[in-house]
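In my numbering, the protein residues as written are 1224 to 1685.
Here the structure comes first, spelled out in structure tokens, and everything after it is commentary.
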Ligand code: TRP
């Protein structure tokens, strides 16, 4: 039981940058690009923006309201407002934290490895073969563990001294690098092809449930919603923060960086004539095609590649911090452990849980799809019901820190009707799709004649 008063962020900027740091990560640069490529360019972007606005933003505000109101980690916060019957939902949140961070650390490890390649050897033209070597096995484990140690070390440092300080240092660097890369990409000959691809809309995709499902999954993943990460950060806030404004800034920065990342990725790929490779594999857009592009740019490519992967590392790190914080805060609040003990133990367990993902990209893809399609979307649905229908007076909680804003009833109406309806529709398709992904992967493992699955480019599914 926490005896000392709860630690708080020291400034508004500290909280906002930490929350933006959580939101902006591999999701913005890796997942967003390959999903956009897979799902028909701008049509996907339009859906993603619409869902972020109508579903993501209300759920984000709901998480902030519950966290700040309760001043506790997810399990206790839900019980605080809804009674002990809601504790299991908090447990599901914490389980999602374990699941997501277990494979997120593996992918982050790849980005560290690529940054190392940029520094020490430069990119060679054999990027598919390279990726095959990097993605799995002991190499993958080593870099995953390295990344996790840094993450744990920062979380062990506390809210102000660890999380806030890291975000204040790292996030501005990320913004500068990503924007700089977008400007550079614009100077490449042939960039226009990339923009055309990015902005071209195949309107038939707007009504495709599979595309809607991916857009919803991406909106939740990218905003770090549906598992109490934003809730936990908000539990370190005082009552003077204007939560609706904070959620607008967080969502705006998240969408903005994803959009700019697209302005980096697509022109580079098209300028170097590598667009075919993007369609060939889902992960390809980032971890195979871009290193190929960097290799073909020669000496400049080494610098550009290093900056690109540095930005990815920063994004991944500040996101992983928020994932680990959910679990760490739960253990600190619930079991009364010290923060360093909780962070190192829990972080160690999560690293071990990531080993199968470091061994098989198929397994990694499976966990990604289970976490997103079931845990995050399901968690968002439950949270909308909780704040929309169960919590006594959520509007009073929002009101603290604002000055007489009047449109909050619209927020609650969205949470009550629109969010559950959209998410129910999405889950209706997402659940069977996930089930199918699980069974086909299991079948491919039990059918021995198949080529070793880990050698293929992984099929990640949102
Ligand atoms: N939003 C991060 C990204 O885009 C990932 C992330 C961090 C996350 N915390 C989360 C996703 C909580 C879901 C839930 O890379």
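Ideal Cβ positions, reconstructed from N, Cα and C, are used throughout, including at glycine.
Keep in mind it's a predicted model, so treat the numbers as computed, not measured.
Counting only the same chain and skipping the five closest in sequence on each side, list residues whose C-beta sits under 7 angstroms from that of residue 1385. 1377, 1378 and 1379
Inter-residue spacing [alpha-carbon to alpha-carbon] between residue 1612 and residue 1303: Whole-angstrom Cα-Cα distance: 15 angstroms.
Which residues share a DSSP beta bridge with residue 1424? Paired residue(s): 1264.
Contacts around residue 1280, its chain only, beta-carbon distance under 8 angstroms, and the 5 residues preceding and following it disregarded: Spatial neighbours of residue 1280 in its own chain (CB-CB distance under 8 angstroms, excluding positions within 5 residues in sequence) are listed in chain order as 1470, 1471 and 1474.
Which runs of the alpha helix (DSSP H) at least 4 residues long sit entirely within the segment 1435 to 1466? Give them in chain order. 1452 to 1457
Residue ranges of each alpha helix (DSSP H) within the segment 1626 to 1678, 4 or longer: Fully enclosed alpha helix (DSSP H) runs of 4 or longer: 1631 to 1636 and 1642 to 1669.
Hey, would you say the C-beta of residue 1271 is under 8 angstroms away from at least one heavy atom of the ligand TRP? No; taking the cut-off as 8 angstroms, the Cβ of residue 1271 has no heavy atom of the ligand TRP nearer than that.
For residue 1307, report the span of its alpha helix (DSSP H) as first-last. Unbroken run through residue 1307: none, as it is neither H nor E.
Pairs of beta-carbons, one from the segment 1446 to 1454 and one from the segment 1315 to 1330, closer than 8 angstroms: are there three or more? yes
Can you say whether residue 1306 is buried or exposed, counting buried as having 16 or more other CB atoms within 10 angstroms of its CB? exposed
Measure the Cβ-Cβ separation of residue 1553 and residue 1313 and say whether it is below 9 angstroms. yes
Pop quiz: residue 1548 and residue 1288 are said to be a contact at Cβ under 8 angstroms. What is the actual Cβ separation, rounded to whole angstroms? That pair is no contact at about 18 angstroms.
Report the three-state DSSP secondary structure of residue 1275 (helix, strand or coil). helix
Check for me: the alpha helix (DSSP H) holding residue 1235 runs from which residue to which? 1235 to 1246
Compute every distance between the C-beta of residue 1580 and the non-hydrogen atoms of the ligand TRP, then say whether any falls below 8 angstroms. False, no ligand heavy atom lies under 8 angstroms from that Cβ.
Applying the criterion that 16 or more other CB atoms from any shown protein chain within 10 Å of the CB defines a buried residue, is residue 1412 buried or exposed? So residue 1412 ends up on the exposed side.
Beta-carbon proximity list for residue 1274, same chain, < 6 angstroms, skipping 5 on both sides: 1438, 1439 and 1442
Within the segment 1353 to 1398, note down every full alpha helix (DSSP H) run reaching 4 residues or more, in order along the chain. 1361 to 1379
Do the segment 1323 to 1335 and the segment 1531 to 1539 touch if we need at least three Cβ pairs shorter than 8 angstroms? yes
Among 1582, 1616 and 1646, which has the Cα closest to the Cα of residue 1597? 1646
Looking at residue 1295: is its Cβ nearer than 9 angstroms to the Cβ of residue 1458? yes
Beta-carbon proximity list for residue 1233, same chain, < 7 angstroms, skipping 5 on both sides: 1383 and 1387
Enumerate in chain order the residues of its own chain whose CB-to-CB distance from residue 1465 is below 6 angstroms, with the five nearest sequence positions on each side excluded. 1624 and 1625
Whole runs of the alpha helix (DSSP H) within the segment 1538 to 1576, excluding any shorter than 4 residues: 1562 to 1576
Between which two residues does the alpha helix (DSSP H) harbouring residue 1578 extend? Note, residue 1578: alpha helix (DSSP H), 1578 to 1582.
Using a Cβ-based criterion (distance less than 8 angstroms to any ligand heavy atom), does residue 1478 qualify as near the ligand TRP? no
From 1525, 1618 and 1266, pick the residue whose C-alpha is nearest to that of residue 1433; which is it? 1266
Look up residue 1515 in the DSSP assignment and say whether it is helix, strand or coil. Residue 1515: helix per DSSP, three-state reduction.
If I'm right that residue 1594 touches residue 1285 with Cβ under 8 angstroms, what's the distance once you round it to whole angstroms? Contact between residue 1594 and residue 1285 does not hold, since their C-beta atoms are separated by about 20 angstroms, which reaches or exceeds 8 angstroms.
Helix, strand or coil at residue 1344 [DSSP, three-state]: coil
I'd like to check one pair, residue 1574 with residue 1421: are the Cβ atoms closer than 9 angstroms? No. Outside cutoff.
Would the beta-carbon of residue 1350 fall within 9 angstroms of that of residue 1515? yes
Heavy atom of the ligand TRP within 8 angstroms of residue 1459 beta-carbon: The nearest non-hydrogen atom of the ligand TRP is 8 angstroms or more from the C-beta of residue 1459.
Beta-carbon separation of residue 1245 and residue 1541 under 9 angstroms? yes
Other residues of its chain near residue 1297: CB distance less than 7 angstroms, five sequence neighbours each side excluded: 1313, 1316, 1317, 1451, 1454, 1455, 1549 and 1553
Is the distance from the Cβ of residue 1328 to the Cβ of residue 1528 below 9 angstroms? With respect to residue 1528, residue 1328 sits apart: the two C-beta atoms are not nearer than 9 angstroms.
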